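In this text, residue positions in the sequence shown follow UniProt numbering: the first is 1, and each later residue adds one.
The structure appears below as structure tokens.
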Amino acid sequence: MASCMFNSFSICSFPIQSKWKRFSYDGSSFRRLFVSFASRCEATNKISVEDNTVIRRSADYHPPIWDYDYVQSLRNDFVQDESYKEQSSKLKEEVRMMFENVVDPLEKLELIDTIQRLGLSYHFGDEIKKTLKNISIERGSTVASNKDNLYATALEFRLLRQHGYKVNQDVFACFMDEVGDIKASHNQDCKGLLNLYEASYHSLEGETMLENARKLAAKLLKQCLKENNDHQYLLMLVEHALELPLHWRMPRLEARWFIDVYEKKEDKNPIILELAILDYNIVQSMHQNDLRYASTWWKELGLGKTLSFARDRLMENFLWSVGMINTPQDGKGRRIQTKVNALITVIDDVYDVYGTLDELELFTDAVERWDINEIQNLPYYMKICYHALYNSVNEMAFDTLKEQGIDVLPFLKKVWTNLCKSYLLEAKWYYIGYTPTLREYIDNAWISISGSVMLGHSYLATDLITEEGLHHIQKYYPDIIYWSSIIVRLTDDLGTSSYELQRGDVPKSIQCYMNESGASEEEARDHIRKLN
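As structure tokens, this is what we get:
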């Protein structure tokens, strides 16, 4: 059946090209304090602005390879054709029967794991929740039966932790020897080691057993890759995990990868595979609809062509939104998020690459005042940018007011103002040649990574907005926003190229730590990785 399905329709090959509390830094950890607010790049080109010749920097961004006509041509028939929906409904019922018929706890866990990796879990939320609840209740007996089964113990631990259940790391104690190493009897258990490695990424702060197990498992898995050539399916999973753990991966891309891998599994379930392929194409069609909508909006907005110094990256911004919001029923959120991401990208380039310090101060003041009359004080390119931001955000706020009766404009003005102020502070650092301390940098950089703006807009795209929720976000800035921003910021810093720094980017956390501590770049990178 699986082979038949691959022949009857193919997987759409979707092309891919791809802050708000202060940090107190004591050298090894961070804690939150209050906000305190007080952009950057190298002169390479001259243009005429308001009759004044200004020397400006240039990032030499390459033009987009996804033109409007090509994006508009991306489509398939999996949403329009009712036969595909009927087929999908039939297959989903068969999978639901599997949840009822499977008795062995380990087989149930494997079923959940497979469904999640294939991107199908949103169809079976109730079944997954019920199954894991029952397994959690029965854990006393299953743990005892799994005491010699590293694979079963690690898989159970990972799935329960992923879904919010409390599981003690001590379940792995029986697999460790008296000095804390993995027992020699498990050194060749590639399947168990792989799942231990994946489970370790669900550790909590202070769980040193899991942190140690991760390092040990990674070392043994690398040895497995060298010695085991007879289990290609397992080796593909091992190599994939060592490149990036499952917990850190983008679910939508993981589903596309895993469909191909699962098809090679000897004991694959053909019904699940058939559903995965069909569902991927149906969802892909919905994503393509969202992309065509965003492409039309971007073309009409005109920033990509008018502001030639900025990155014209609609496709990349759309991919980011799919990473944040991939379920098909959340198209509204994807469309809003793509707009937000595109606006952030352009405004970031205004501060990073093009604007003079005087111009940036005017633009920041205009955003804070949120008054369209303020554009009279701005140069032409900033008028275009300000108009786009002002109109887009006001439109989003108006839609929320119509649909939910809540005025979110004050909240949106605040998050965008905070973002622009953080960009401005970085610009000031660049222009005076100042390298901040790591604490100073993080206090500002967790906002300038724009996570607060993205997550704030994501919240407003839901049907869960309340006046109390908005008040709480504005006053306290929840940990999920703060720490998510920290993770993205430090990860982004680790990927910053030397060219970006030479071009004029403000020093990142790595350079700030090097300047403050005298550490080498390698030592600084290792330090930032540990903080992350």
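Just so you know, even glycine gets a beta-carbon here, dropped at the ideal spot from N, CA and C.
Predicted, not measured: the structure shown is a model, and the values here were computed from it.
| Asked | Found |
| --- | --- |
| Pull the bridge partners of Met-176 from the DSSP assignment, please. | Ile-182 |
| From residue 547 to Ile-481, what distance separates their C-alpha atoms? | Only positions 1 to 532 of the chain appear in this structure, which leaves residue 547 out of reach. |
| Taking 9 Å as the threshold (C-beta atoms), are Leu-303 and Val-346 in contact? | yes |
| Would you mind reading off the limits of the alpha helix (DSSP H) that contains Phe-318? | 314-324 |
| Within its chain, find whatever has a CB closer than 7 Å to the CB of Ile-16; leave out the 5 residues flanking it on each side and keep chain order. | For Ile-16, the predicted model reports a pLDDT of 34, less than 50, meaning its position is unreliable and no value from the coordinates is stated. |
| I need the DSSP call for Thr-364, collapsed to helix, strand or coil. | helix |
| Contact check, Val-340 vs His-457 under 8 Å by CB: the rounded distance? | 5 Å |
| Over the uninterrupted alpha helix (DSSP H) stretch that includes Leu-278, give me the two end residues. | 270-301 |
| In or out: Trp-248 buried (at least 16 other Cβ within 10 Å) or exposed? | exposed |
| Along the chain, where does the alpha helix (DSSP H) that runs through His-387 open and close? | 380-404 |
| Counting C-beta neighbours from all protein chains within 10 Å, is the total for Met-97 16 or more, i.e. buried, or is it exposed? | exposed |
| On the CB-based measure, 16 or more other CB atoms within 10 Å of its CB, does Trp-429 come out buried or exposed? | buried |
| Ignore the nearest five residues each way along the sequence and tell me which others in Gln-169's own chain have a CB closer than 6 Å to its CB. | Glu-207, Met-209 and Leu-210 |
| Pair every Cβ in the segment 332-339 with every Cβ in the segment 351-358, then say whether three or more of these pairs are closer than 8 Å. | no |
| For the alpha helix (DSSP H) that Leu-253 lies in, which residues bound it at each end? | 251-263 |
| From Phe-411 to Asp-113, what does the alpha carbon distance come to, in whole angstroms? | 39 Å |
| Thinking C-beta only, is Gly-331 closer than 9 Å to Met-382? | no |
| From Trp-370 to Lys-413, what does the alpha carbon distance come to, in whole angstroms? | 7 Å |
| In terms of alpha-carbon separation, which member of Ile-432, Asp-189, Ile-487 and Leu-204 lies closest to Lys-219? | Asp-189 |
| If I follow the unbroken alpha helix (DSSP H) through Pro-410, where does it start and stop? | 409-432 |
| Go ahead and pull the three-state DSSP assignment for Asn-195. | helix |
| Contact defined as beta carbons within less than 8 Å: I believe Tyr-122 pairs with Thr-327. What is the distance between those atoms, to the nearest angstrom? | 5 Å |
| Identify whether Lys-530 lies in helix, strand or coil by the three-state DSSP scheme. | helix |
| Which residues in the same chain have their Cβ closer than 6 Å to the Cβ of Ala-217, if we skip the five residues on either side of it in sequence? | Leu-193, Leu-196 and Tyr-197 |
| Might you give, ordered along the chain, the residues of its own chain that have their beta carbon closer than 7 Å to the beta carbon of Asn-317, omitting 5 neighbours on each side? | Thr-338, Asn-341, Ala-342 and Thr-345 |
| Which class does Tyr-477 belong to by DSSP, given the choice of helix, strand or coil? | coil |
| So, helix, strand or coil for residue 610, using DSSP? | What is shown of the chain runs 1 to 532, which leaves residue 610 out entirely. |
| Measure the alpha-carbon distance for Ser-136 versus Arg-117 and round it to whole angstroms. | 21 Å |
| Going by the CB atoms, is the gap between Asn-532 and Leu-494 shorter than 9 Å? | yes |
| By Cβ distance, which residues of its chain are closer than 6 Å to Leu-106, with the 5 residues on each side in sequence left out? | Ala-152 |
| So, are the CB atoms of Thr-437 and Glu-516 less than 9 Å apart? | yes |
| With 16 as the cutoff for other CB atoms within 10 Å, does Ala-524 come out buried or exposed? | buried |
| Which of the three DSSP states, helix, strand or coil, is assigned to Val-171? | helix |
| Which residues mark the beginning and the end of the alpha helix (DSSP H) in which Asn-134 is found? | 125-137 |
| Note down, in chain order, each residue of its chain lying with its Cβ closer than 7 Å to the Cβ of Lys-508, except the 5 sequence neighbours on either side. | Asp-493 and Thr-496 |
| Would you identify the three-state DSSP class for Ile-449, choosing helix, strand or coil? | coil |
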